[in-house]
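Residue numbers for the sequence shown follow the working numbering, beginning at 1 and rising by one. Note that the Cβ used here is the ideal one computed from N, Cα and C, for glycine as well. Here the structure is a predicted model, which means the values were calculated and not measured.
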Amino acid sequence: MANNKDKTVYVCDYCGQESLRWVGKCPSCGRWNTMKEMTIKAESPSSAISQSALKAAGSSHQGKVRPMRMHEIQADAEPRMDMGDQELNRVLGGGLVQGSLVLLGGEPGIGKSTLILQTVLRLKGKRILYVSGEESARQIKIRAQRLGDCSTDNELLILCETCLEEIFDRIEETHPDLVVIDSIQTIQTQTVESSPGSLTQIRECAASLLKYAKNGGVSTILIGHINKEGTLAGPKVLEHIVDTVLQFEGDQHYLYRILRSIKNRFGSTSELGIYEMRPGGLRQVANPSELLLSDNREGLSGIAIAGAIEGVRPFIIETQALVSTAAYGTAQRSTTGFDSRRLNMLLAVLEKRVGFKLAAKDVFLNIAGGLRVTDPAIDLSVIAAVLSSNGDMPIDIDTCMAGEVGLSGEIRPVSRIEQRIAEAQKLGFRRILVPAANLSGNFSKAGYSIELVPVRRVVEAVRELFG
């Protein structure tokens with residue numbers, strides 16, 4: 001006989017591991033005090049969808065689903081909606097797929113709502129339902145006026161509601177092409193007896209929205225907050241349900257924002273979108289390299305230029321270093337936008353393999369522009385900036401570099417070297433230091449006007465830069 005009772009489970013809010021009883025340490029990810037209680041209703045998670053809404057969405061459960069042979073399955077290209085934003089289209093994989101469920105996460109105040117609102121304001125010929133559980137209609141109108149686009153020909157409908165059942169009723173009445181939920185943590189369904197934002201509420205509401213999006217072919221964007229650890233609230237519960245997870249990140253003290261794709265069932269997760277925060281909203285940055293470089297770096301020591309790759313997008317960044325005598329006897333190591341452990345490793349390589357004694361000196365490293373870069377190809381520029389500051393010897397402003405540094409002091413090859421060289425050439429650099437291994441084999445120097453300087457070890461790079 002079927003069991004119609006509700007079931008209580010404990011779910012890790014970091015990795016999504018389920019357990020029938022509470023445990024202090026998650027057996028999957030090993031984190032402590034992350035198991036949260038969740039009630040699974042006996043009814044289907046999609047019970048919040050009204051029958052009329054399901055009918056309007058074209059849901060049909062008549063007949064049983066049968067297995068199909070591979071050659072019988074139709075695999076046409078997914079129809080996509082042009083969002084009118086090249087950066088957003090790139091990260092989505094070419095546009096928003098019809099009937100997809102997209103989750104956009106980020107810190108409070110980073111610009112998530114601004115990004116989505118300014119995007120939907122520019123969509124013409126589409127009916128959009130913007131559901132806000134955090135702001136009033138008047139607040140949204142004031143923000144739209146600040147963004148400078150409140151034209152009357154835009155079919156943007158504003159709904160201030162937190163009840164999921166009411167939201168489905170309004171969706172049934174308006175038949176939108178796109179639904180925006182801001183934010184998923186504020187939405188609640190009457191089928192679950194828990195507060196909004198709880199793990200159970202988030203899971204039930206997201207599952208109901210997913211079923212409606214798939215049945216009706218209505219694209220849905222969910223806006224979600226991140227917790228103090230930098231992950232989405234209810235992270236794995238949401239990530240397992242949605243089709244695409246986008247992360248909007250950046251430092252509020254800097255102008256630049258980065259849009260990353262963490263999960264994408266309809267495209268690559270290697271793409272990257274860059275925006276600049278302005279009083280009138282977010283501006284797309286088509287060429288971030290020009291904005292990340294200082295114009296007055298001539299004659300300044302401690303600055304090295306690197307050819308980096310974020311996702312599949314190349315850009316030129318400025319690495320800044322300051323080396324000074326330790327004032328209090330204990331040397332400090334401070335980094336901004338770079339892994340501090342990797343900096344310590346590079347300093348150890350300099351001391352062991354090159355002979356520079358930096359153990360008694362403070363080293364401060366900064367990636368200009370507020371970006372955080374994880375590309376190992378900037379190792380060579382980090383070492384060059386440190387040595388430039390230590391000896392107060394400026395590096396030629398027409399020189400940039402790309403290369404990963406190994407523990408033996410060798411310069412290891414890096415990926416997508418052609419894109420790095422082409423980006424440096426486009427910005428007017430005359431010389432670039434690259435790993436010698438990248439120039440061997442089938443690599444062709446034809447078509448490059450920039451001088452390619454192969455280096456095999458850190459000692460050779462130091463000799464090329466400082467003589």
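In the DSSP assignment, what residue or residues form a beta bridge with residue i?
i    : result
P435 : V455
L365 : A321, T335
W32  : K25
H225 : G106
F248 : G106, L259
D182 : S132, I223
V9   : M38
R80  : V97
R412 : E404
C163 : Q188
I274 : I258
Check each candidate in the options and name the one with the smallest Cα separation from residue i.
i    : options                : result
A327 : V349, A306, A360       : A360
E239 : Y448, P196, V459, L101 : L101
G125 : G133, Q145, L156, R143 : L156
L117 : L92, Q86, D379, I181   : I181
T200 : R430, Q425, V11        : V11
Q190 : Y256, K445, E204       : E204
E172 : T186, I73, A213, A137  : A213
L380 : V285, G406, S183, S261 : G406
A446 : A422, G99, G370, S294  : A422
C160 : L147, V179, L292       : V179
V347 : V91, I258, A144, V458  : Residue 347 is actually Leu in this sequence, not Val. For L347, the nearest C-alpha among the options comes from V458.
R430 : R313, T335, S324, I305 : I305
N296 : E410, I397, Q86, P435  : I397
L292 : Q284, L300, T325, Y256 : Y256
E318 : S301, V23, R416, S324  : S301
A207 : I187, I226, S195       : I187
N390 : E410, R416, K357       : K357
Y130 : P176, L452, L343       : P176
R265 : D85, Q247, V9, L92     : L92
I226 : Q320, T174, G105       : G105
State the Cα-Cα distance for the pair residue i and residue j, rounded to the nearest angstrom.
i    : j    : result
S219 : T114 : 19 Å
G94  : S270 : 13 Å
A385 : P27  : 44 Å
V242 : S449 : 46 Å
C163 : G109 : 24 Å
S268 : G281 : 27 Å
C15  : I223 : 20 Å
G441 : K263 : 35 Å
I167 : R122 : 23 Å
N154 : G250 : 30 Å
D392 : V363 : 14 Å
I367 : T374 : 11 Å
S289 : K352 : 34 Å
I303 : D82  : 41 Å
G467 : P394 : 12 Å
Q74  : E298 : 59 Å
R456 : R420 : 18 Å
C29  : L427 : 45 Å
A308 : P314 : 6 Å
N33  : M277 : 37 Å
G355 : P413 : 23 Å
A137 : R372 : 36 Å
S46  : I221 : Per-residue confidence for S46 stands at a pLDDT of 45, beneath the threshold of 50, marking its modelled position as unreliable; the derived number appears in the next sentence. Going by the C-alpha atoms only, they are around 18 Å apart.
M70  : D76  : 14 Å
M1   : E37  : Model confidence at M1 stands at a pLDDT of 41, short of 50, so the residue's coordinates are unreliable; what they give is reported in the following sentence. About 26 Å.
V120 : V312 : 27 Å
V192 : Q17  : 21 Å
L88  : Q145 : 22 Å
A402 : S415 : 10 Å
Can you tell me where the alpha helix (DSSP H) holding residue i begins and where it ends?
i    : result
G391 : 379-391
E418 : 417-426
L20  : Per DSSP, L20 belongs to no alpha helix (DSSP H) and is neither H nor E.
R342 : 340-349
Y212 : 199-216
Q74  : That residue, Q74, is in no alpha helix (DSSP H); it is neither H nor E in DSSP.
L92  : 86-92
Provide the residue span of the beta strand (DSSP E) that contains residue i, from first to last.
i    : result
C400 : 399-401
C160 : 155-160
N264 : 256-264
Shorter than 8 Å from the beta carbon of residue i to some beta carbon of chain D?
i    : result
T244 : In the displayed structure, chain D is absent; only one protein chain is listed.
Residue ranges of each alpha helix (DSSP H) within the stretch 107-138, 4 or longer:
Scanning the stretch 107-138 from its first residue to its last, the whole alpha helix (DSSP H) runs of 4-plus residues come out as 112-121.
Every unbroken alpha helix (DSSP H) inside the stretch 276-329 [4 residues or more]
Here the runs fully enclosed are 288-292.
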